[in-house]
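Chains as they are written, first to last, in this note's numbering: chain D, -12 to 186; chain L, -12 to 186; chain U, -12 to 186; chain H, -12 to 186.
Note that beta-carbon positions come from the ideal geometry of N, C-alpha and C, so glycine has one too.
Written out below as structure tokens is the structure these notes cover.
Number of protein chains: 4
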Amino acid sequence: MGTANSRRLDPAREQAILDATLELLTETGFDRMSVDQIAKRAGASKATIYRRWAGKADLVVDLICNRVEIDIPPAPDTGSLRGDLLAALGAICDAIGRRQQLIIGLVSAMLSSPELAGAVRDHMPGRDLSGLAYLLGNAVERGELTGPVDPRALFSVVEALVWRRLIVLGEPVDDAFMAEAVDRVLLPLAKTWSGSMGT
Amino acid sequence: MGTANSRRLDPAREQAILDATLELLTETGFDRMSVDQIAKRAGASKATIYRRWAGKADLVVDLICNRVEIDIPPAPDTGSLRGDLLAALGAICDAIGRRQQLIIGLVSAMLSSPELAGAVRDHMPGRDLSGLAYLLGNAVERGELTGPVDPRALFSVVEALVWRRLIVLGEPVDDAFMAEAVDRVLLPLAKTWSGSMGT
Amino acid sequence: MGTANSRRLDPAREQAILDATLELLTETGFDRMSVDQIAKRAGASKATIYRRWAGKADLVVDLICNRVEIDIPPAPDTGSLRGDLLAALGAICDAIGRRQQLIIGLVSAMLSSPELAGAVRDHMPGRDLSGLAYLLGNAVERGELTGPVDPRALFSVVEALVWRRLIVLGEPVDDAFMAEAVDRVLLPLAKTWSGSMGT
Amino acid sequence: MGTANSRRLDPAREQAILDATLELLTETGFDRMSVDQIAKRAGASKATIYRRWAGKADLVVDLICNRVEIDIPPAPDTGSLRGDLLAALGAICDAIGRRQQLIIGLVSAMLSSPELAGAVRDHMPGRDLSGLAYLLGNAVERGELTGPVDPRALFSVVEALVWRRLIVLGEPVDDAFMAEAVDRVLLPLAKTWSGSMGT
DNA sequence: GCCTAAACGAGACGGTACGTCGGGTCTTGAT
DNA sequence: ATCAAGACCCGACGTACCGTCTCGTTTAGGC
């Protein structure tokens, strides 16, 4: 019944190792998680791990960049720009909140080695901004915005606010945060940008 | 000949250790820097280090929070809000840019232990925002802003953008970044906020 | 094109493996020689090795006991007992000297597992002592010995002296050694034993 | 109460490690004994072991060469050369028999690395042959030997016979062995040698 | 000017994790 | 059916670092 592939690294082992890493990363964090623990929990051997990844940091980076899907659910359409933004931000924050420990692990790994950080930035796939674009398009149609707004620009601000909240302030991305972010920053910016142009 | 104080921890040793830490942190980063290296370079003993600080992370935190002065030079007054904001942001980015490695070390230390992160947040003193407040006040007087703007709120956005740039993007805080931050984010927000109220 | 026998363990593979083992054993010694190396050099697979032998030690033991013929050339007949003994010992030492590394490997393997050591002792076939017997017989006929001498007993002493030289002293079995062994030990013992009885 | 020496490697730890090594070597043999086991049983850390010795082989060699005294009890004086030789050989075999496992470990270590083997041979202190010399002297006085006999030469033969018994034959050095060794080899040689000269 | 007590450098120590290597088993695809 | 290729588990290896501890020395400050 063995499903092991010969000649090729066995994908089943790979998955077991990634699963174990995910669990341990969530439970104990990056620093306190050892490669031996991962191997033991995955029922794997350390050699099997090092055959695929260069080390703990590399493993975690691969895990988060390529295996864990930061799936942000589809567009919300609540009838108002503010509601849509809140819903979208809520979805993002939800996804992040459930993986807060993971993200901290990722940052730890990136800080461990600059080369790795570069790899993360390259492989971190261009996030799907279609939801945000759709939402902003709706607002234009509704007349809430006078012109198009670049979703990438808006997202970069969202990203900045979320990271500051998590890393610098160390506080959760809760409703209060979201409300303030939308009302004080995102809505004003969207309206301003839509006035001139949407680069 | 020695200037060491008996009965009291010798401040000269402390300084030597902090200096060595600063050097090594800048040269090699947090992870690759070992306490033994610090001790050797400071001509100190590990015991002397551990007599004062709880560990590597604690040492780095203390170094950055209490010893390295993030001195943001005084207000600029260039005649326009945009110029003032650019100048102020430039000063901040300058101070940060010269200590980029340090800041990454600080983040590493904070991620290493949540308790420590809390300590950092508590001791990271409320930054001196008088310069920013002064600058915003001038803009009101000049008529560029229609009402008062909370410097803390504006600073939190600045902070968010800078951190994203450094940690997430891994790019330097250069002129292009500053110009975009001011023109696309800070000025719009300041104007919007000054219109309604100055919370 | 291949000469490989299907359906039966291919003797050619066996020989290639043994050859590679012999080479590596001679070059690097027992400990430093790995099964992977053997496989690679033989152009064989580890599975093929373990299909035939129980392990590294077993392989080496088989190699030395059954494959490498410790061929001691025929009787010399130099006209005197001393000359004959020297010639016979010379032949033995020659055969051993050329395989010194091998023998050390054998001892390593035996020390690795007592069970194996037993196997070696059982399979190390009663060496062909006919040459020695012939030589001793000649000496009796010549009158150099007053009675028969058990060649096995004499050989066991020879064996002991040779092993001590190789393992304990770590010195080669050269002419000086042989001369001393014959003159100081073997000849006296042969003469003594022939006097009383020939057990 | 701590007896630890600062600035210098603590002899107490050294002894604990050597004791543990001795135990494990006797219990499980050289190959099956791991450095981790030694460390655990000694209540020491692997670093402490590697601070002193270059590896497992080096440790074992040092243990046997410099720490375990192969104490051969004093001269016997039984009234006859045969009795004296039997008693002396008995003492040697006793000492060896109780450390058979150790000796096999030593040989394993020596075979592991030729450099080490050299070190052993150099540091293996010139055994105390005064007992044997005394015994042979007594035999001359008694008239059992007609002239002096070199104890070193006789000992080298003893050594050879004992090693062959242990390593090649893998049999214990028991009474039967001793009797045969004395009657068939040692006594004849001693008598022969004493006849001509005692070099 | 001694005497005591603290702080110091030096560095050994127990631990834990690292990344590597070798032995022996097993599966796959090709011959 | 046997083979090469090589992935796999296991467990040992030797190294590095952390944070603790103990030495013997230096340096003040109180007598």
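Using a Cβ-Cβ cut-off of less than 9 Å, list which residues of the segment 4 to 25 of chain U approach chain H; keep chain order.
If the cut-off is 9 Å between Cβ atoms, the segment 4 to 25 of chain U has GLY16, PHE17, ASP18 and ARG19 near chain H.
Go through its chain and collect everything with a Cβ distance to U:VAL55's Cβ below 8 Å, but skip five positions before and after it.
Within the same chain, U:VAL55 has close Cβ partners LEU9, ARG86 and LEU89.
Could you say which of U:GLY84, U:LEU11, U:LYS33 and U:PRO63 lies nearest to U:VAL47 if we only look at CA atoms?
Among U:GLY84, U:LEU11, U:LYS33 and U:PRO63, the Cα nearest to that of U:VAL47 is on U:LEU11.
Is L:VAL55 helix, strand or coil when you go by DSSP?
In this structure, L:VAL55 counts as coil in the three-state DSSP scheme.
Taking U:ALA126 as the query, report the chain H residues whose CB atoms sit under 7 Å from its CB, ordered along the chain.
Within chain H, no residue comes near U:ALA126; the closest Cβ sits about 17 Å away, beyond 7 Å.
Could you tell me if L:ASP137 is buried or exposed, where buried requires 16 or more neighbouring beta carbons within 10 angstroms of its beta carbon?
Burial call: buried.
Roughly how far, in whole angstroms, is the beta-carbon of D:ASP71 from the beta-carbon of D:ASP64, given that I think they are within contact range, below 8 Å?
Contact holds; Cβ gap of about 7 Å.
Establish whether the CB of D:ALA(-1) and some CB of chain L are separated by less than 8 Å.
No, D:ALA(-1) lies away from the interface with chain L (no Cβ there is under 8 Å from its Cβ).
Just to confirm the assignment, what range does the alpha helix (DSSP H) spanning U:ASP23 have?
Note, U:ASP23: alpha helix (DSSP H), 22 to 29.
Roughly how many whole angstroms lie between the Cα atoms of U:GLN75 and H:ALA41?
It is Ala, not Gln, that sits at residue 75 of chain U in the sequence shown. Whole-angstrom Cα-Cα distance: 43 Å.
Could you give the DSSP three-state label for L:ARG(-5): helix, strand or coil?
If DSSP states are grouped into helix, strand and coil, L:ARG(-5) belongs with coil.
Quick one: which residues of the segment 142 to 156 of chain D get their C-beta closer than 9 Å to a C-beta of chain L? List them in chain order.
Taking 9 Å as the Cβ-Cβ cut-off against chain L, the residues of the segment 142 to 156 of chain D that qualify are SER143, VAL144, GLU146, ALA147, LEU148, VAL149, TRP150, ARG151, ARG152, ILE154, VAL155 and LEU156.
Does the contact criterion of 3 or more C-beta pairs under 8 Å hold for the segment 94 to 114 of chain D versus the segment 159 to 179 of chain D?
The segment 94 to 114 of chain D vs the segment 159 to 179 of chain D: no contact.
Assuming H:LEU174 and H:LEU68 are in contact, meaning their beta carbons sit under 8 Å apart, how far apart are those beta carbons, in whole angstroms?
About 7 Å; that satisfies the 8 Å criterion.
Within a Cβ cutoff of 8 Å, which residues of the same chain sit near H:GLY84, ignoring the five residues on either side of it in sequence?
Excluding residues within five positions, the ones whose Cβ falls inside 8 Å are PRO159 and VAL160.
Using a Cβ-Cβ cut-off of 6 Å (strictly less than) and excluding sequence neighbours within five positions of L:LYS43, which residues of its own chain qualify?
Around L:LYS43: VAL22.
Could you tell me the alpha carbon to alpha carbon distance between H:ILE154 and U:ASP109, rounded to whole angstroms?
One C-alpha to the other measures close to 14 Å.
Can you list the residues of chain H that U:SER99 reaches, using a CB-CB cut of under 7 Å?
The answer, in chain order, is ASP18.
So the alpha helix (DSSP H) D:PRO101 belongs to, where does it begin and stop?
It spans 101 to 110 - the alpha helix (DSSP H) in which D:PRO101 sits, taken as one unbroken run.
How far does the alpha helix (DSSP H) with U:THR133 in it extend, from its first residue to its last?
From DSSP, U:THR133 is part of no alpha helix (DSSP H); its letter is neither H nor E.
Could you check the C-alpha separation between D:ASP162 and L:ARG38 for me, to the nearest Å?
Approximately 43 Å, taken between the alpha carbons.
Give every residue of the same chain whose Cβ lies closer than 6 Å to the Cβ of U:GLU131, excluding the five residues on either side of it in the sequence, and list them in chain order.
LEU68.
If you reduce the DSSP assignment to three classes, tell me which class L:VAL86 lands in.
The amino acid at residue 86 of chain L is misidentified as Val; the sequence shows Arg. Coil.
Inspect the beta-carbon positions of U:LEU148 and U:LEU119 and report whether they are closer than 8 Å.
Cβ distance not < 8 Å, so U:LEU148 and U:LEU119 don't count as in contact.
Which residues in the same chain as D:ASP18 place their Cβ atom closer than 7 Å to its Cβ, once the five residues preceding and following it in sequence are excluded?
Cβ within range, chain order: SER95.
For D:ASN125, count neighbouring C-beta atoms within 10 Å of its own C-beta (all shown protein chains included) and say buried if the count is 16 or more, exposed if not.
Result: buried.
I think D:GLY30 touches D:ALA3, with their Cβ atoms under 8 Å apart; what is that distance to the nearest whole Å?
Rounded, the Cβ-Cβ distance is 6 Å, consistent with contact.
Got a sec: is the Cβ-Cβ distance from U:ILE90 to anything in chain H below 8 Å?
Output row for U:ILE90: interface = no.
For the segment 59 to 83 of chain H, enumerate the residues whose C-beta is nearer than 9 Å to any C-beta of chain U, in chain order.
Against chain U - using a Cβ distance shorter than 9 Å - the segment 59 to 83 of chain H contributes no residues.
Who are the neighbours of H:VAL172 on chain U, taking C-beta pairs under 7 Å?
Here the neighbours are VAL144 and LEU176.
Assuming H:GLY32 is part of the alpha helix (DSSP H), what are its boundary residues?
Here residue 32 of chain H turns out to be Ser, not Gly, going by the sequence shown. No alpha helix (DSSP H) holds H:SER32; DSSP gives it neither H nor E.
Could you tell me if D:GLU187 is buried or exposed, where buried requires 16 or more neighbouring beta carbons within 10 angstroms of its beta carbon?
The structure shown does not extend to residue 187 of chain D, since chain D spans only -12 to 186, so no value can be given for it.
What three-state label does DSSP hand H:ARG114 in the structure shown?
Of the three classes helix, strand and coil, the one that applies to H:ARG114 here is coil, per DSSP.
Within 8 Å (strictly less), CB to CB, does H:ALA140 reach chain U?
H:ALA140 counts as touching chain U.
Could you tell me the distance, in whole angstroms, from the CA atom of U:ASN(-8) to the CA atom of U:THR35?
For U:ASN(-8), the predicted structure reports a pLDDT of 43, less than 50, and the residue's modelled location is therefore unreliable. The matter cannot be settled from this model.
How about U:THR133: is its C-beta nearer than 8 Å to some C-beta of chain H?
U:THR133 does not count as touching chain H.
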